[in-house]
Every structure is written in C-alpha cells, then in structure tokens.
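Presented below is the structure to which this report refers.
2 protein chains.
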Amino acid sequence: MDIKITKARKSDVHEILRLIDELAEFEKLTPPDEKAKKHLVNDAFGKKPAYHVILAKIDRKTIGYAFYFYTYSSFLARKTLYLEDIYISIEYRRLGTGKLLFNKLIDIARKKGCGRMEWCVLEWNKNAIDFYEKLGAKELKEWKYYRLSLE
Amino acid sequence: MDIKITKARKSDVHEILRLIDELAEFEKLTPPDEKAKKHLVNDAFGKKPAYHVILAKIDRKTIGYAFYFYTYSSFLARKTLYLEDIYISIEYRRLGTGKLLFNKLIDIARKKGCGRMEWCVLEWNKNAIDFYEKLGAKELKEWKYYRLSLE
Numbered sequence: 177m178d179i180k181i182t183k184a185r186k187s188d189v190h191e192i193l194r195l196i197d198e199l200a201e202f203e204k205l206t207p208p209d210e211k212a213k214k215h216l217v218n219d220a221f222g223k224k225p226a227y228h229v230i231l232a233k234i235d236r237k238t239i240g241y242a243f244y245f246y247t248y249s250s251f252l253a254r255k256t257l258y259l260e261d262i263y264i265s266i267e268y269r270r271l272g273t274g275k276l277l278f279n280k281l282i283d284i285a286r287k288k289g290c291g292r293m294e295w296c297v298l299e300w301n302k303n304a305i306d307f308y309e310k311l312g313a314k315e316l317k318e319w320k321y322y323r324l325s326l327e
Numbered sequence: 177m178d179i180k181i182t183k184a185r186k187s188d189v190h191e192i193l194r195l196i197d198e199l200a201e202f203e204k205l206t207p208p209d210e211k212a213k214k215h216l217v218n219d220a221f222g223k224k225p226a227y228h229v230i231l232a233k234i235d236r237k238t239i240g241y242a243f244y245f246y247t248y249s250s251f252l253a254r255k256t257l258y259l260e261d262i263y264i265s266i267e268y269r270r271l272g273t274g275k276l277l278f279n280k281l282i283d284i285a286r287k288k289g290c291g292r293m294e295w296c297v298l299e300w301n302k303n304a305i306d307f308y309e310k311l312g313a314k315e316l317k318e319w320k321y322y323r324l325s326l327e
C-alpha cells in the first residue's frame, strides 16, 4: 500500500477530528467536546498556528497524524521540534506509517535548524516505547516533569 | 528590599548572560559558548522570538530570570505556558523572588488563555521540588519524556 505523508490542510479537518476521537478512546481519555474541536481547528489553521499537523494517507483515506510545534532549548540555543501527538488508526498498524511520520518530522526539524526532537509517552504504551528506543531516542530519566493547572 | 519583575529588553542582555553562566555552574553544566550566546540573544530579541524573558531586579541589579514560551495541549485545545528556565542568583535566595516570578508567569499565562503551566526540574533539586509542590503543581508520573538528538 502506498502511504503518503503530507502537510494537513483545512479540508482535512473532518478526518483529523475523526482520528482524534479514535485516539482518545485508545488512550482511555475523554474525547474533545464540540467547543474544544472548534479550538483545535482554529489553533492549527488560523492566522498564527499554535501547532502544525502532518498526515499519513492511503489514497484519500487519512490513516494517521502527527501534531507538533517548536519549543526552545536554552542549553543548545536552538529550537526543538516537540511532538505533541502521533496516532495511527488501529486497523492500519504495522505498515511502517509511524516510521514515515517520524522521518518526515526529523526532516522538518532539521530544515528548521532544530537540535532535538522531544515528546512524551504514557508509561504503559510499551509498543510505542520500543519503537522510540529503536529510533535512538533516550528517556530523560534525571528530570521530573511538573504541571500547574490554571483552569 | 524592593524586588521588581519586568519584561526583559535588549539592554538587559549582558545581565542575562551573566546569570546564565551562573546557572550553568549551579546545574553542573557547560555554560554556552560565544556562538550559543549570540543565538540566545537573537532568539529572544529578534523579529520572531522563539522564547520570552522576564527579569527580577533590585534597583538596577538583575537578580533572576525566567525563560518561557508557549506550547499547546491538544487535550485541552489550549495553549500552555512552558517554563524553560528559572534562576535566582545564589546570593539573593530566600527573598521570595521565585514566588514573584511564578506569580508573574501565571498572570501572563492566564492573560494568554493558557490552561496549564509546565516545566521540568532536575530530580536532585529538592528545594525547587518543594517549592513547586507548595505552589500546587503536580508531577506527571505516568508519562515518560523522550528526546532524539539531531546534532
């Protein structure tokens, strides 16, 4: 099967939202409500995008996506590409789509002059962790990650 | 002592770089070289800032800083304020500067419509961890943080 990786356009919104619902189910999280979905669309496809989206497609069928944005490493004095979400539809696993999406992200990151790519993974997601380790990524074990809710 | 929190301007660069060297020593890391320092300055004070800086000052003396930028939570469909670095000069500790810098960041985050503030801390930095816990921040224990070096 011929898998193509492309930048998402506004016309892809419906397919992206369908996969987001699927991911929420997979991660055992509540899917975004209608208001949140509207924000997600505006924040990716508005004038000042807060994040970017690439898609994996087979023919016209969208089978996966990656959401990313740029952070900054003051230590390297260079940008970092941060991968916020990556998801491949369950029925299209084991076709190498994850690798294709990662290769595209690495390519984008290098072109932007990033020194690193970073992301988080749920600790029970062993398949993903194996994949990341094979890529050569390292877990940052000496750091603790903190969050303050402002809601 | 009267501590003021202000947005950094280009004229503050020399003082910021002095404190960065101090932080590198404190965290047992190599300080940035001249090329990296040039990047740090351009990336904060150029046309499209990759990160932002607020400063703590006593009179004209800069005693601390925070570097931050905006990330994005696809789960909340809202921006996050990510704190990349916070540092207070060793000789000016225990004056409440950390709390003032955090309060300012929380204020900035709320004004930008962020749903969260996030940051990392080295696991041996117990003083900082105690401070974050008192603020009401929670460690994200169920996530693993991965990094792929592109250098």
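Chains A and B supply the protein sequences, listed in that same order.
Reading the first sequence from the start, the letters are residues 177 to 327 in my numbering.
Reading the second sequence from the start, the letters are residues 177 to 327 in my numbering.
Glycine included, every Cβ here is placed at the ideal spot set by N, Cα and C.
Discussion item. For residue 299 of chain B and residue 256 of chain A, I'd like the C-alpha separation in whole angstroms.
Written reply: Answer to the nearest angstrom: the Cα atoms are 22 angstroms apart.
Item to complete: Check residue 146 of chain A in the structure and name its three-state DSSP category.
Response: Given a span of 177 to 327 for chain A in the structure shown, any question on residue 146 of chain A remains unanswerable.
Fill in: Nearest residue (CA-CA) to residue 297 of chain B, options B:225, B:321 and B:251
B:321
Discussion item. Could you tell me the alpha carbon to alpha carbon distance between residue 178 of chain A and residue 234 of chain A, rounded to whole angstroms?
Written reply: Spanning the two alpha carbons is a distance of roughly 6 angstroms.
Item to complete: Quick one: measure Cβ to Cβ for residue 282 of chain A and residue 202 of chain A, integer angstroms, because I've assumed they're closer than 8 angstroms.
Response: So it is not a contact: roughly 24 angstroms between Cβ atoms.
Worksheet item: Of the choices A:302, A:312 and A:326, whose alpha-carbon is the least far from that of residue 318 of chain B?
Response: A:302
Worksheet item: Taking the DSSP output, what are the residues bridged to residue 319 of chain B?
Response: For residue 319 of chain B, which the question treats as bridged, DSSP gives the partners A:298.
Worksheet item: How would you write the range of the beta strand (DSSP E) that residue 282 of chain B sits in, first residue to last?
Response: Per DSSP, residue 282 of chain B belongs to no beta strand (DSSP E); it is in the alpha helix (DSSP H), 273-287.
Discussion item. With a threshold of 7 angstroms on Cβ separation, who are the neighbours of residue 374 of chain A within its own chain once the five nearest residues in sequence on each side are excluded?
Written reply: Here chain A covers residues 177 to 327 and nothing more, so residue 374 of chain A does not appear.
Discussion item. Considering only their Cβ atoms, is the gap separating residue 216 of chain A from residue 182 of chain A smaller than 9 angstroms?
Written reply: no
Discussion item. Considering only the alpha carbon of each residue, which of B:221, B:307, B:193 and B:211 lies closest to residue 185 of chain B?
Written reply: B:221
Fill in: Same chain, Cβ closer than 8 angstroms to residue 200 of chain B, five either side skipped, listed in chain order
206, 207 and 208
Item to complete: Could you pull out every residue in the same chain whose Cβ sits closer than 8 angstroms to the Cβ of residue 276 of chain B, ignoring the five residues on either side in sequence?
Response: 179, 181 and 232
Discussion item. So for residue 187 of chain A, helix, strand or coil by DSSP?
Written reply: helix
Practice prompt. Rank A:223, A:211, A:252 and A:272 by C-alpha distance to the C-alpha of residue 250 of chain B and give the top, closest one.
Written response: A:211
Worksheet item: Of the residues B:309, B:293 and B:324, which one's Cα is nearest the Cα of residue 324 of chain A?
Response: B:293
Item to complete: Give the straight-line distance between the Cα atoms of residue 213 of chain A and residue 193 of chain A, rounded to the nearest whole angstrom.
Response: 7 angstroms
Practice prompt. Could you tell me which chain A residues have their CB closer than 9 angstroms to the CB of residue 297 of chain B, listed as they occur along the chain?
Written response: 319, 320, 321 and 322
Discussion item. Cutting at 8 angstroms between CB atoms, please list the residues of its own chain near residue 248 of chain B, excluding the five before and the five after it.
Written reply: 254, 255 and 256
Worksheet item: By a C-beta neighbour count over all protein chains shown, 10 Å radius and 16 as the cutoff for buried, is residue 261 of chain B buried or exposed?
Response: buried
Worksheet item: Between which two residues does the beta strand (DSSP E) harbouring residue 233 of chain A extend?
Response: 228-234
Discussion item. So, for residue 289 of chain B: in the same chain, excluding its five sequence neighbours on each side, which residues have a beta-carbon less than 8 angstroms away from its beta-carbon?
Written reply: 254 and 255
Worksheet item: So which residues on chain D does residue 193 of chain A lean against when the C-beta distance must stay under 7 angstroms?
Response: In the structure shown, chain D cannot be found, because the protein chains are A and B.
Worksheet item: chain B partners of residue 255 of chain A, CB-CB under 7 angstroms?
Response: 226
Worksheet item: Going by C-alpha distance, which of A:308, A:310, A:287 and A:326 is nearest residue 327 of chain B?
Response: A:287
Worksheet item: Exposed or buried, what is residue 197 of chain A when buried is set at 16 or more other beta-carbons lying within 10 Å of its beta-carbon?
Response: exposed
Discussion item. To test your reading of the DSSP string, which unbroken alpha helix (DSSP H) runs of 4 or more residues are found completely within the region 189-213 of chain B?
Written reply: Counting whole runs of 4 or more residues, the region 189-213 of chain B contains the alpha helix (DSSP H) stretches 189-202.
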